[in-house]
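Protein chains in written order, with the UniProt record's numbering: chain A, 1 to 332; chain B, 1 to 389.
A virtual CB, placed ideally from N, CA and C, is assigned to each residue, including glycine.
Accompanying notes for the structure given below.
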Amino acid sequence: MNKFDDQATKALLERNLITENQYEEITSYRNLNIFSLNAELKLFLYLSVLLFTSGIGVLIYNNIDSIGHIAILSLLLIVIVVCFYFCFKNSKGFQKQETAFEHPVLEYLVLAANILTCVFIGYLQFQYEAFGTHYGLATLIPTVVSFFCAYYFDNKSVLAIAITGLAAYVGLSVTPQDLLNNSRFYSGQSLGYSAVMLGGLLILWTIYSSKIQLKTHFKIIYLTFALHIISIASINNLIYYYYGIWIVFAFILAGSSFYFYKVSHQMKAMSLYVFMIIYAYIGLNIFLFRLCEAVDFSDFWQLLILILPVYFIGSIIMFIKLIKTFNKEIAA
Amino acid sequence: MIVYDKNLLDNLTLVEEANSLEAAGFISKEQKVFIKKELPAFKRQSNILVRIGFFLLGAFLYLSICGVIALMGFTTNEHSFSEICCYLFAIVGFAGAEFLAQQKYYEHGLDDAFILGALLNVGVAIAITTEGYEIQVAIFVAVASFFMYRRYLHLLSLLVFCLAASAVLFYGMFELGSIGEMILPFAAMLISAGFYFFTKRILNNLKESYYCKGLLLANTFCLVLFYLSCNYLVVRELSIDFLGSEVRPGEDIPFSFFFYAFTFIVPVLYLIQALKTKDRIMLWISFLAIGFSIYTIRYYYSVLPIEVALTLGGLVLFALAYFSIRKLKDNEAGLTFKPDRINNSYAILNAEALIVASAFGMKPEAKAPDSPMNYGGGGFSGGGSEGTF
Numbered sequence: 001m002n003k004f005d006d007q008a009t010k011a012l013l014e015r016n017l018i019t020e021n022q023y024e025e026i027t028s029y030r031n032l033n034i035f036s037l038n039a040e041l042k043l044f045l046y047l048s049v050l051l052f053t054s055g056i057g058v059l060i061y062n063n064i065d066s067i068g069h070i071a072i073l074s075l076l077l078i079v080i081v082v083c084f085y086f087c088f089k090n091s092k093g094f095q096k097q098e099t100a101f102e103h104p105v106l107e108y109l110v111l112a113a114n115i116l117t118c119v120f121i122g123y124l125q126f127q128y129e130a131f132g133t134h135y136g137l138a139t140l141i142p143t144v145v146s147f148f149c150a151y152y153f154d155n156k157s158v159l160a161i162a163i164t165g166l167a168a169y170v171g172l173s174v175t176p177q178d179l180l181n182n183s184r185f186y187s188g189q190s191l192g193y194s195a196v197m198l199g200g201l202l203i204l205w206t207i208y209s210s211k212i213q214l215k216t217h218f219k220i221i222y223l224t225f226a227l228h229i230i231s232i233a234s235i236n237n238l239i240y241y242y243y244g245i246w247i248v249f250a251f252i253l254a255g256s257s258f259y260f261y262k263v264s265h266q267m268k269a270m271s272l273y274v275f276m277i278i279y280a281y282i283g284l285n286i287f288l289f290r291l292c293e294a295v296d297f298s299d300f301w302q303l304l305i306l307i308l309p310v311y312f313i314g315s316i317i318m319f320i321k322l323i324k325t326f327n328k329e330i331a332a
Numbered sequence: 001m002i003v004y005d006k007n008l009l010d011n012l013t014l015v016e017e018a019n020s021l022e023a024a025g026f027i028s029k030e031q032k033v034f035i036k037k038e039l040p041a042f043k044r045q046s047n048i049l050v051r052i053g054f055f056l057l058g059a060f061l062y063l064s065i066c067g068v069i070a071l072m073g074f075t076t077n078e079h080s081f082s083e084i085c086c087y088l089f090a091i092v093g094f095a096g097a098e099f100l101a102q103q104k105y106y107e108h109g110l111d112d113a114f115i116l117g118a119l120l121n122v123g124v125a126i127a128i129t130t131e132g133y134e135i136q137v138a139i140f141v142a143v144a145s146f147f148m149y150r151r152y153l154h155l156l157s158l159l160v161f162c163l164a165a166s167a168v169l170f171y172g173m174f175e176l177g178s179i180g181e182m183i184l185p186f187a188a189m190l191i192s193a194g195f196y197f198f199t200k201r202i203l204n205n206l207k208e209s210y211y212c213k214g215l216l217l218a219n220t221f222c223l224v225l226f227y228l229s230c231n232y233l234v235v236r237e238l239s240i241d242f243l244g245s246e247v248r249p250g251e252d253i254p255f256s257f258f259f260y261a262f263t264f265i266v267p268v269l270y271l272i273q274a275l276k277t278k279d280r281i282m283l284w285i286s287f288l289a290i291g292f293s294i295y296t297i298r299y300y301y302s303v304l305p306i307e308v309a310l311t312l313g314g315l316v317l318f319a320l321a322y323f324s325i326r327k328l329k330d331n332e333a334g335l336t337f338k339p340d341r342i343n344n345s346y347a348i349l350n351a352e353a354l355i356v357a358s359a360f361g362m363k364p365e366a367k368a369p370d371s372p373m374n375y376g377g378g379g380f381s382g383g384g385s386e387g388t389f
């Protein structure tokens with residue numbers, strides 16, 4: 001409500017918390033009565049790209065036998081070329097720092113072109129087996145294209161696609177919904193190791209790229225993926241494996257939690273910090289549960305229930321402290 | 001009625017204002033830190049992730065306390081205890097909420113867990129006592145949640161109140177018999193319109209800033225309810241579900257013409273009104289309402305096959321956004337494409353990368369290489385996109 005914002009600004013002035021000049025600047029800006037549709041219209045562009053590319057994807061999928069293949073391929077190719085043409089024409093070329101197009105529409109054209117390229121390559125492989133039985137190659141090429149687009153045009157959404165592609169090449173599914181619901185991709189032991197390795201690689205890449213100052217604003221995306229991949233993989237293996245192996249993953253989880261504790265302070269990133277704490281807490285609880293199992297508490301379970309509230313109160317106090325120190329440190 | 005110190009509530013408004021001014025670049029960061037230090041404040045978590053985390057922890061704590069009570073109760077007298085256990089749990093919730101409020105916890109996550117838990121238990125307890133008599137449950141929950149809002153200024157409780165109050169209206173009309181059932185959509189429409197203007201008027205004459213958010217929420221709820229009350233899809237499906245009336249092919253529900261017209265005119269009215277009064281919440285509701293109206297039509301008449309509809313829809317939306325941007329690009333004041341320094345809705349744009357990764361993320365190739373449907377990775381078979389829209 002506008003009225004209350006004005007009142008609050010005035011109250012700040014009356015308490016001498018802001019200066020007279022600042023107050024005048026703010027009120028004159030407010031009097032412009034700006035109603036910006038920036039975010040909304042960008043969201044529309046974004047939705048339109050999603051709708052269009054899904055439509056094309058379904059169209060090809062459903063009509064794979066009826067329309068001529070050449071017709072589909074050439075039509076797709078034309079659309080891709082047109083999109084890329086506009087993007088290259090208006091881009092400022094590759095730059096190491098953060099850049100943006102002058103016109104916001106182009107950012108979304110890059111996204112559309114990139115998704116369509118992936119559809120194109122997938123279709124090529126399905127229909128003509130262009131890469132033969134090298135199924136990995138059919139994943140790798142879209143991934144490489146996506147990485148190139150992400151870095152050349154500075155596009156975070158495309159980068160996210162590229163990372164999922166990289167993970168798919170290793171054999172993991174890291175789309176957010178899979179990370180949330182389905183863990184079967186991680187529970188295999190070798191997949192667990194490769195997930196941890198992938199996460200480690202992503203971390204190493206962020207260290208290297210911040211050394212050479214390459215697109216440092218991408219760091220948070222890489223780290224987010226790395227945190228979730230490593231932690232979920234280790235937690236799954238903690239749950240499913242008995243006899244020794246789970247201890248390895250307990251150490252991995254502890255190590256990654258320590259690293260992300262450091263790095264979240266460095267980046268002042270609350271989201272990394274919170275998820276790190278949550279994963280570490282889950283891991284700790286599984287660890288405690290394992291200990292209880294070993295001691296065989298079956299006769300004392302009532303005692304456990306009585307202790308539980310105390311345990312949670314203790315955890316809450318600890319969490320409040322952790323969050324407080326974090327807030328203090330990033331404010332400093 | 002409010003348990004909190006009013007000075008603290010006022011300070012909260014000031015600190016929020018300072019935050020948004022700092023984000024807009026009007027005051028320096030040091031100044032903001034100074035302002036925060038000057039004004040005593042609640043124990044509050046402004047970060048939504050942290051708040052959800054504390055909510056979960058609070059819920060665990062609540063559950064474990066209830067577990068202890070249940071343990072003691074069931075060992076003494078099993079039968080009578082199961083009758084009253086939910087009342088006891090609700091009392092735990094009320095006590096916890098009161099304790100946290102005395103400790104100056106506000107919008108922290110812990111308090112959310114206890115307040116919502118208490119409301120849930122009130123509902124379940126009444127349902128057990130009355131053996132699931134809906135309108136009584138709704139009435140008690142509505143009263144309890146309104147009390148929670150007035151005492152703790154808890155916005156989620158107010159939302160619960162709005163839902164419960166609509167449920168009271170809904171079941172109340174059913175009690176009236178067939179006449180009530182007939183006029184239910186119209187009654188809901190008129191009542192929500194009435195409350196919309198009522199809350200709007202209070203909002204305009206409001207003196208205390210801390211009631212502002214709650215009233216805005218109630219106001220918004222009325223807008224949504226107004227649209228849904230006479231939406232064709234909602235009316236038709238509800239009348240099939242609850243009244244058992246069948247719609248045979250070639251027939252339609254009574255007053256169908258009115259409902260069709262309503263479904264299309266109201267979103268457009270919302271949109272125009274939102275742009276005229278520069279009301280961002282109404283704008284978003286109008287977008288959602290337009291989307292739902294399109295869904296309503298597609299639900300009954302498949303005008304175009306889904307893929308063509310998606311592709312064309314994408315193109316139309318793209319053109320619409322492109323031309324609007326071109327038109328608004330250079331406006332300095334009023335309606336514009338330039339980002340607003342103070343009020344912006346960027347949070348939604350930050351989620352873009354996440355949405356793309358969920359919709360179009362690549363999946364590893366199927367493990368059986370001889371399967372005829374093997375797509376060889378790429379994963380763009382529409383697998384990511386099917387059913388999402």
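Secondary structure of serine 36 (chain A) (DSSP, three-state): strand.
Cα atoms of glycine 68 (chain A) and glutamine 127 (chain A): separation of roughly 11 angstroms, rounded to the nearest angstrom.
For threonine 19 (chain A), the secondary structure class from DSSP, reduced to helix, strand or coil, is coil.
Closest in alpha carbon position to threonine 27 (chain A), among B:Glu131, B:Gly58, B:Leu21, is B:Leu21. For asparagine 114 (chain A), the uninterrupted alpha helix (DSSP H) run begins and ends at 104 to 128, by DSSP. Using a CB distance cut-off of 8 angstroms, glutamine 127 (chain A) does not count as an interface residue toward chain B. The C-beta of isoleucine 35 (chain B) has 16 or more other C-beta atoms within 10 Å across all chains shown, which makes the residue buried. Here lysine 338 (chain B) carries a coil assignment [DSSP, helix/strand/coil]. For tyrosine 152 (chain B), the enclosing alpha helix (DSSP H) covers residues 134 to 152.
The stretch 147 to 160 of chain B and the stretch 212 to 230 of chain B touch, with three or more beta-carbon pairs separated by less than 8 angstroms. According to the DSSP assignment, glutamate 17 (chain B) belongs to the alpha helix (DSSP H) that extends over 6 to 24.
The criterion of a C-beta distance shorter than 8 angstroms is not satisfied by isoleucine 70 (chain A) and phenylalanine 120 (chain A). Beta-carbon to beta-carbon, leucine 214 (chain A) and isoleucine 277 (chain A) are separated by about 30 angstroms, too far to satisfy the 8 angstroms threshold. Assigned with DSSP and collapsed to three states, tyrosine 105 (chain B) falls in strand.
For phenylalanine 114 (chain B), not one C-beta of chain A is nearer than 8 angstroms to its own C-beta. DSSP lists B:Tyr105 as the beta-bridge partner residues of lysine 43 (chain B).
Counted as a single uninterrupted DSSP element, the alpha helix (DSSP H) harbouring leucine 49 (chain B) occupies residues 48 to 76. Nearest CB-CB separation between asparagine 47 (chain B) and chain A: below the 8 angstroms threshold. Under the three-state reduction of DSSP output, cysteine 85 (chain B) falls in the helix class. Separation of aspartate 154 (chain A) and phenylalanine 86 (chain A) (C-alpha to C-alpha, rounded to the nearest whole angstrom) is 15 angstroms.
With distances taken between CA atoms, glutamate 25 (chain A) lies nearest to A:Asp6 out of A:Asn38, A:Asp6, A:Lys42, A:Leu41.
DSSP, read as helix, strand or coil, puts tyrosine 46 (chain A) in helix.
Annotation: the continuous alpha helix (DSSP H) that includes phenylalanine 264 (chain B) extends over 256 to 277. In terms of CA proximity to glycine 314 (chain A), B:Leu61 leads the group B:Leu61, B:Tyr4, B:Lys32, B:Ile2. Take the alpha-carbon of leucine 227 (chain A) and the one of lysine 156 (chain A): they are about 18 angstroms apart. Sorting A:Leu202, A:Ser194, A:Glu40, A:Asn62 by C-alpha distance to the C-alpha of phenylalanine 249 (chain A) places A:Ser194 at the top. By the neighbour-count criterion, in which 16 or more other beta carbons inside 10 Å mark a residue as buried, glycine 314 (chain B) falls on the buried side.
Within the stretch 50 to 73 of chain A, Leu50, Leu51, Phe52, Ser54, Gly55, Ile56, Gly57, Val58, Leu59, Tyr61, Asn62 place their CB atoms closer than 7 angstroms to a CB of chain B, listed in sequence order.
Burial is judged here by how many other beta carbons sit within 10 angstroms of a residue's own beta carbon; tyrosine 108 (chain A) has at least 16 and is buried. From the beta-carbon of lysine 327 (chain B), no residue of chain A is found nearer than 7 angstroms; the closest lies around 10 angstroms away. The residues Val168, in chain order, have a CB closer than 6 angstroms to that of isoleucine 139 (chain B) in the same chain once the five nearest residues on each side in sequence are set aside.
Around the Cβ of lysine 42 (chain A), a 10 Å sphere holds 16 or more other Cβ atoms; the residue is buried. Close partners of glutamate 246 (chain B) in chain A (Cβ separation under 7 angstroms) are lacking, with about 33 angstroms as the shortest Cβ gap. By the criterion of at least three beta-carbon pairs nearer than 8 angstroms, the stretch 245 to 265 of chain A is not in contact with the stretch 15 to 29 of chain B. Within the model, the alpha-carbon separation for glycine 57 (chain A) versus isoleucine 72 (chain A) is close to 11 angstroms. With the criterion set as a beta carbon lying under 8 angstroms from some beta carbon of chain A, the members of the stretch 59 to 73 of chain B are Phe60, Leu61, Ser64, Ile65, Gly67, Val68, Leu71, in sequence order.
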